[in-house]
Structure formats: C-alpha cells, structure tokens
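Encoded as structure tokens, the structure appears first; notes follow it.
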Amino acid sequence: MLRGRPPLRLLDFALGVDGCAPGGQRDHDAADESAEGPGRRPTRAAGAPPVLDVDALRAGYGDVTVLRGVSFEVGPGEIVALVGANGAGKTTTLRTISGLLRPTGGAVRFVGERIDGLPTHEIVGRGLLQVPEGRKIFPSLSVQENLELGSYLPAAKARRAERLAQVLALFPILAERRRQPAGTLSGGEQQMLAIGRSLMGGPRLLMLDEPSLGLAPRVVDRIFEVIDRIRAQEIPVLLVEQNVHRSLALADRAYVLEQGAVTLSGRGAELAARDEVRRAYLGLSRDNDRITSSDATG
Ligand SMILES: Nc1ncnc2c1ncn2[C@@H]1O[C@H](COP(=O)(O)OP(=O)(O)OP(=O)(O)O)[C@@H](O)[C@H]1O
Ligand SMILES: [Mg+2]
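Quick look at the structure:
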C-alpha cells in the first residue's frame, strides 16, 4: 500500500511526460482570445452543454506549430473519436488538454471552466484523466499498487476501496493478478491496468491514447468492449486511435485530424461511410490490424 501523496514526478510519469515540465501557469483572462483557425464546429446532439470544449487550440514544440486551431467537443456520456494519420497531432492534442504542453492559443473548457494553462495536477484534480500512449505502468510495483496510484488525490483516496472493487470487477484478470508485479503482465493486461488506474481517480472524462496499439485482435476486442462499458457508466471518453475502422464503429461522433486541424467531423458511422475517409483511413486501418496482429504482445 502506498502512503501519502507521491511526488508529482510519479504522476507525470504516469501521464507520459518525457522530461517535460507540466504546462506553466498563465493568466486566464489574458488567454481568452477569440476562436479562429481551420478547426470546424461540429454538430452534436442539442441539449446539455459539452463536458469538454476545445476551441481553436494551438500548440507545438519549440518554434514548430503542430496544432493549428483544433476545435471539437465531447458531450455527456459520449465516446468521441479523434482519428488521423501518424503525426497528425492526436497525441499533441491530448497532451495539451492535459496541461503537459502549454497551449499557444485557443481555449479548453472542462465542465464549463477554462483549464488551458492550468498545471497538470490541477487538471487531473478536476477529473480530466488521460491514459497515455504506451501505458506507462510501474513494472516493479504490484498490480494493486499501480491501481492505488490512480487514487492518490484526497477526494479519490476517500473512495479507494470502492473504486478498487469496481475496477477489479471490470477487469477480472487484474483481480487474479493483483499481487503480481505489473511488469509481468501481458501487453493487453498492462493496457487494462493503465485504464483501471485512471478509473481509480474517478474521472469525469477519460482520454485514451492508442489503447489498442500492438495488441492481438481478441485483446483489441476486449479493450473496445471495456470502453463501451465505461460509456455505460456515464463517463465520457475521448478516444485517440489509428484503428479508424474500430473507433468509428464504436464512437458516437468522430473528428478527423490532418496536419494539426480538424478537416471532417460527424457521427462515427456516417464518417466511416464517406469516400474520403474510406480511401485515406480505412485501408490504412486494415493494414494496421494485419501488422499489429503479427506483432501482438497481448
Ligand atoms: N516532443 C516532441 N518534440 C518535437 N516534435 C514533436 C514532439 N512530439 C511530437 N512531435 C511532432 O508533432 C507532430 C504531431 O505528433 P503527434 O505525436 O501529436 O502525432 P499523432 O497524431 O499522435 O501521431 P501517431 O499516430 O504517430 O501517434 C509530429 O510531426 C511529430 O513529429
Ligand atoms: Mg500519437
């Protein structure tokens, strides 16, 4: 059992920070620039306000601008997929929303409040949690200790036992292996552990970066099933995937990101039927499936 609040570095590691300081504080009022750029306002079912509202977000690395005005929103209980080719800026988008990268323009609102420019731990504290690409579990800690790391903030800690029971019920394989070092898990089990750790924090929205990458087809099925069950628990999901075929089939709505801007958006099934999406991404997705199934670790 881990006691006390782990140093922020642990959290940063879990979030996939590579020697990169969390986004610095900045003046919120000053950051309230008008929305512009190529991002498109999509249609979402009218009604409740969005949980996550990304508005003309700009960010990059050093002098290189990667996000050139990305706009999209995630509504209550929705799975929204963000799809696009390698290097389109999907991971950069998630890292900027999480505060790991400092935005250079635009706005991010989470349950109605500006969060762009806030440090990562505050964003996490508000319930916006990211499962990073590559899982970032702690191999020498046990499965249970890894899960407990997801609930180190006081509010989550108070509900640790209850959430642990829920996560272990969602992933029975983790219950079987809870005392085992996490490094001994298969790739698919490690992905489940990474998702479970985020659920321990009691997310109000979960962002997943390439959860199916490198996994065998049957394990991919399981991961997509779990994402569906997370939606059933009323936790909205922002899903980043190169497996365009599967993510469009699962998502309520989706956005296509190309070179740092949203170029298409719509309901998942509608996008999957569009010629330009089929040509550009669905062929690619099948190819990915073939490659990943022979390279599977799950
Ligand atoms: N730490 C970094 N320093 C400099 N450039 C970076 C860094 N990380 C990403 N980039 C560049 O930013 C662009 C977008 O990268 P990003 O990782 O966001 O793409 P992605 O859509 O997630 O791609 P993939 O599907 O391969 O994961 C790429 O051109 C990439 O080379
Ligand atoms: Mg990526």
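For the sequence shown, the numbering used here gives the first residue as 695, with consecutive numbering after it.
No residue lacks a Cβ here, since even glycine has one placed at the ideal position from N, Cα and C.
{"Item": "Would you identify the three-state DSSP class for Y975, choosing helix, strand or coil?", "Value": "helix"}
{"Item": "Helix, strand or coil for A801 per DSSP?", "Value": "strand"}
{"Item": "Under 8 Å by Cβ, that's how I've got V920 and L864 pegged, so tell me the actual separation to the nearest angstrom.", "Value": "7 Å"}
{"Item": "What does E683 pair with, by DSSP beta-bridge criteria?", "Value": "Residue numbering for the chain in the displayed model covers 695 to 992; residue 683 lies beyond these limits and cannot be assessed."}
{"Item": "Assuming contact is defined by CB atoms lying nearer than 8 Å, are V950 and V971 in contact in what I supplied?", "Value": "yes"}
{"Item": "Comparing C-alpha positions only, which one of E842, L751, D903, L976 sits nearest to L862?", "Value": "E842"}
{"Item": "Identify which residue in S892, S906, T786 has its Cα closest to the Cα of I831.", "Value": "S892"}
{"Item": "Name the residue from P770, G778, E772 whose alpha carbon lies nearest to the alpha carbon of A993.", "Value": "Beyond the ends of the chain as shown, which are 695 and 992, falls residue 993; an answer cannot be given."}
{"Item": "Count the other CB atoms within 10 Å of the CB of P826; is the residue buried (16 or more) or exposed (fewer)?", "Value": "buried"}
{"Item": "Below 6 Å CB to CB, which residues in the same chain sit around N840 once its five sequence neighbours on both sides are set aside?", "Value": "I831, F832, A876, L887, R891"}
{"Item": "With 16 as the cutoff for other CB atoms within 10 Å, does A967 come out buried or exposed?", "Value": "exposed"}
{"Item": "Compare the Cα-Cα distances from L944 to each of R853, L933, A750 and report the closest residue.", "Value": "L933"}
{"Item": "With DSSP as the reference, label S1000 as helix, strand or coil.", "Value": "No information on residue 1000 is available, as it lies outside the stretch 695 to 992 that the chain covers here."}
{"Item": "So, is F918 buried or exposed, given that buried needs 16 or more other C-beta atoms within 10 angstroms?", "Value": "buried"}
{"Item": "Can you tell which of I817, D747, D946, I924 has the C-alpha that lies nearest to the C-alpha of E964?", "Value": "D946"}
{"Item": "Should T785 be counted as a contact of ligand 1 given a C-beta to heavy atom distance under 7 Å?", "Value": "yes"}
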